[in-house]
Each structure stands twice: as C-alpha cells, then as structure tokens.
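Undergrad:
Number of protein chains: 2
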Amino acid sequence: MLSKKTQYAFRALVHLAENYGGSPIGISTISSQQRIPLKFLENILNELKKADLLESRKGRGGGYSLKVSPKKINLATVIRVINGPIALLPCVSLNFYERCKDCNEETCGMRKMMIIARDATLKVLEKRTLYDMMKEEIKI
Amino acid sequence: MLSKKTQYAFRALVHLAENYGGSPIGISTISSQQRIPLKFLENILNELKKADLLESRKGRGGGYSLKVSPKKINLATVIRVINGPIALLPCVSLNFYERCKDCNEETCGMRKMMIIARDATLKVLEKRTLYDMMKEEIKI
DNA sequence: TAATACTCTACTAATTTAGTAGGGATTAAT
DNA sequence: ATTAATCCCTACTAAATTAGTAGAGTATTA
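Laid out in structure tokens, this is it:
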C-alpha cells in the first residue's frame, strides 16, 4: 500500500504537471487546492526537490515547478522517492536491496516468485508517467 | 512490502506443502525447522486455518496440514489472508475496498494508473501457487 | 527593508508490526 | 481416568513506522 504521503505527493505532482512551463506555484496554493496539510506538504515537496524532480524559487512569486517534463517522470520513480521499495521483499528490491537473513537466496522459491511479481508491477509503473496520470484525470 | 508475518506464513505453508498427503506436522516442529518464533507461528497457522487453507488435529500426533492441494492455493490468497490488500490504494482494492475521501473516483487519474498496476501484479500472484513456490525451492 | 516563500531540524501522536504470556480445550495413549 | 501432547483463544507489550506539527533560519524581490 502507498502511504498517504505518497498519495499527497502524486496529487501535488499532477497539480504541478498541469502547470508545466508556467510560473512556480507556492506550497500554500497547492496545500489549499489539494487539501494537503501545509507543513506536511512542505516536507514532501522538499524531498521531491532533493530527488531532482522539482525546482524551487524563494521569495515573492516563488514556489515549485517540475524540473523536467511530466512525460519524463515515471510513477516508479515517485514511489521510490517518497514511499520506498516497490518489490514485495527486501531481498528482491532493485533499489533498496537487503540480503535475506534466514534463507539462501539462490535456492529460495518465495524469492523467485516475488521477482516475477516485481517485474510485472515495475513494467507498469516504469512505463506510465505523470503525464499519463494527468491525462487520465477527467476535468469537470 | 510483505510483513515478516507473511514471510513466515509462506515458509510454513511451503513446509506443509512438501508434506502434503502425509500426517499432520506440529507447530513446534515447523517453528524450530523454519526458525519462526513459536507463539507467533501459532497465531499465523491459526489464521490460515480460519481462512480454510489449513486443517488441524489436536492431541498427540496432531498438528497442521494443508486442507487442499498446494496447486490450489495461490499466492494472492495467502497474502490477502495474512498481509492484507495487494493493491496500492484502498480505493483500488478488490478485496479490501475503501472509498476515497478526497477525490472523485470516476475522474481520478492516480486511481486509473493504480488499477493497471494492480491487475499486472494480480495476474502473477493469482496464477502462481504454493506448488510453484515449492517446486522452485532447490534442495541441497 | 519588509514581506513572501522556501529550508531545515526536531518533536509528538497515532497506528501498525512483531512478538509474548498464559490459561483453556481437545485428543490419544497408558 | 489420567496424563501428556497439542491446538485454541484473549490479551498484553515493545518497537517501528506513519502522519503530522512547531518554530527558527535563509533567500528573494518589490
């Protein structure tokens, strides 16, 4: 399951994606329009910036904007930055790998199954981007 | 990520799968051979029993055994019983659905993406069974 | 130089995960 | 019938994670 934090991150990112190319948007604007607790959002946007997905400007007229095109930010990247591993087991994670203590990784059947599951999930999450997410959002 | 509890459950189930058709195996045997804390395993096996995956016999010579063939127990079922939802969002879960508070489900782009991811993951987890997991386990 | 807006560190509360404790109920062998 | 083995059930606790808050600091621009 994705944490609430990750859901907030996606909402904020889609908001910024819709404004891509325009002037920066402030935290407080996103916070009120997307109903995300202000200070919590502050942390989130900061982490996304450190992960090089956003850029920011301080002072009047400042705010955040996407650093690269929404088409270039895939969903797996966002999840990894805010939520952590996508794989179902640490010993099967590509980006957060941890050695398994209790079982031999070469011979472990559970591990083999979870690799197949991971690959299926990643195939979707690495292909789809913020642009796809935004596009699917139906406007009222 | 799967909880440790779920990993324990899989290990215990594969253990029982390897003995399918034989006489019941006691909690303490599984606990020591699989290095799973005894009382914790007790809870786990009990939950699996309530979910109709195991049957038990009390008293001397008692223990647990798979209620149905390892080929008939798919991985998604086990995960749902012990770990909970497989989907990445509650509003996208087939078995643990919860309505989304903040967004309109009909128009939510994040939701549409997560449905695609869910389906890809489920396709793997619902097809593979304990038998597959056991088969992949290489014996030394 | 004052107002605006991001930055950073640290703290707290709620929830979930991981495990423990201990008595109760049932069964099988003696 | 008694005893030992074994599962059954409720409740508790400790550790970790998640969700959010507080407040002072830094940079920018009108």
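If you're matching them up, the sequences are chains A and B in order.
Residue 21 in the numbering used here sits at position 21 of the first sequence; the count goes up by one each step and never skips.
Residue 2 in the numbering used here sits at position 2 of the second sequence; the count goes up by one each step and never skips.
Where a beta carbon is used, it is the ideal one built from N, C-alpha and C, also for glycine.
These numbers come from a predicted model, not from an experiment.
Can you list, in chain order, the residues of its chain whose CB lies under 6 Å from that of B:I115, leaving out five sequence neighbours each side?
TA: So the qualifying residues of the chain are V92.
Undergrad: So, is the C-beta of B:V78 closer than 8 Å to a C-beta in chain A?
TA: Chain A, which has no Cβ nearer than 8 Å to the Cβ of B:V78, makes this no.
Undergrad: Taking B:I138 as the query, report the chain A residues whose CB atoms sit under 9 Å from its CB, ordered along the chain.
TA: Those are N104, E106, T107, C108 and G109, listed as they occur along chain A.
Undergrad: Between B:S28 and the rest of its own chain, which residues show a CB-CB distance below 6 Å, the 5 nearest in sequence each way excluded?
TA: Excluding sequence neighbours, B:S28 sits near nothing in its chain.
Undergrad: Tell me whether the beta-carbon of A:I44 lies closer than 8 Å to the beta-carbon of A:I82.
TA: It is a contact, given that the beta carbons lie within the stated cut-off.
Undergrad: Near A:R80, which residues of its chain fall below 6 Å by C-beta distance, leaving aside the five closest residues on each side in sequence?
TA: Excluding positions up to five away in sequence, the list reads N95.
Undergrad: Along chain A, which residues have their Cβ under 7 Å away from the Cβ of B:K123?
TA: By Cβ distance, chain A contributes A120.
Undergrad: Extract the residue ranges of the alpha helix (DSSP H) inside the segment 8-76 of chain B, only unbroken runs of 4 or more that lie entirely within it.
TA: As far as the segment 8-76 of chain B is concerned, its whole alpha helix (DSSP H) runs of at least 4 residues are 27-34 and 38-50.
Undergrad: Nearest to A:F40 by alpha carbon, out of A:P24, A:A12, A:I73 and A:S56?
TA: Of the candidates A:P24, A:A12, A:I73 and A:S56, the one whose C-alpha sits nearest the C-alpha of A:F40 is A:A12.
Undergrad: Tell me which residue opens and which closes the alpha helix (DSSP H) that B:M113 is part of.
TA: Here the alpha helix (DSSP H) through B:M113 covers G109 to K127.
Undergrad: To which residues of the same chain is B:S31 closer than 8 Å at the C-beta, ignoring the five residues directly before and after it?
TA: Closer than 8 Å at the Cβ level, and outside the excluded window around B:S31, lie P37, L38 and L41.
Undergrad: Tell me the rounded alpha-carbon separation between B:P24 and A:C100.
TA: Distance between the alpha carbons of B:P24 and A:C100 is about 29 Å.
Undergrad: Does B:L41 have its Cβ less than 8 Å from a Cβ in chain A?
TA: It does not: the Cβ of B:L41 has no partner Cβ on chain A nearer than 8 Å.
Undergrad: Can you check whether the CB of A:L66 is closer than 8 Å to the CB of A:Y20?
TA: Contact flag set, yes.
Undergrad: Which chain A residues are close to B:K112, counting only those with a beta carbon under 9 Å from its beta carbon?
TA: Result: D132, M133, E136 and E137.
Undergrad: So with Cβ pairs under 8 Å, would you call A:A117 a contact of chain B?
TA: Closer than 8 Å: yes.
Undergrad: Listing by chain order, which chain A residues have their CB less than 9 Å from the CB of B:P85?
TA: Within chain A, the residues near B:P85 are M1.
Undergrad: Confirm, please, whether the CB-CB distance from A:P70 to A:Y8 is below 8 Å.
TA: No; because the gap between Cβ atoms is not below 8 Å, this pair is not in contact.
Undergrad: So is A:R35 in contact with chain B if we call contact Cβ pairs under 8 Å?
TA: Yes, its Cβ sits closer than 8 Å to a Cβ of chain B.
Undergrad: B:R118 to B:G59, Cα distance in whole Å?
TA: Roughly 43 Å separates the two Cα atoms.
Undergrad: Leaving out five residues on either side along the sequence, give the residues of the same chain with a beta carbon under 8 Å from the beta carbon of A:L88.
TA: Within the same chain, A:L88 has close Cβ partners M114, A117 and R118.
Undergrad: Return the chain-ordered list of same chain residues with a C-beta closer than 7 Å to the C-beta of A:A51, the five sequence neighbours on each side being excluded.
TA: Cβ neighbours of A:A51 beyond the five flanking positions: V81.
Undergrad: At which residues does the alpha helix (DSSP H) containing B:Q97 begin and terminate?
TA: Inspection of the sequence shows that residue 97 of chain B is occupied by Tyr rather than by Gln. Here B:Y97 belongs to no alpha helix (DSSP H), and DSSP marks it neither H nor E.
Undergrad: Take the Cβ of A:T107 as the centre, count every other Cβ of all protein chains shown within 10 Å, and call the residue buried at 16 or more, exposed below.
TA: Exposed, by the Cβ-count rule.
Undergrad: Give me the Cα-Cα distance between A:N46 and A:M134, rounded to the nearest whole angstrom.
TA: Distance between the alpha carbons of A:N46 and A:M134 is about 21 Å.
Undergrad: Quick check: the Cα distance between A:S56 and A:L122, rounded to an integer number of angstroms?
TA: Going from the Cα of A:S56 to the Cα of A:L122 covers about 29 Å.
Undergrad: Counting C-beta neighbours from all protein chains within 10 Å, is the total for A:V68 16 or more, i.e. buried, or is it exposed?
TA: When all chains shown are included, A:V68 counts as exposed.
Undergrad: Whole angstroms are fine: how far does the CA of B:A120 sit from the CA of B:Q33?
TA: If I take the Cα positions, the gap works out to 34 Å.
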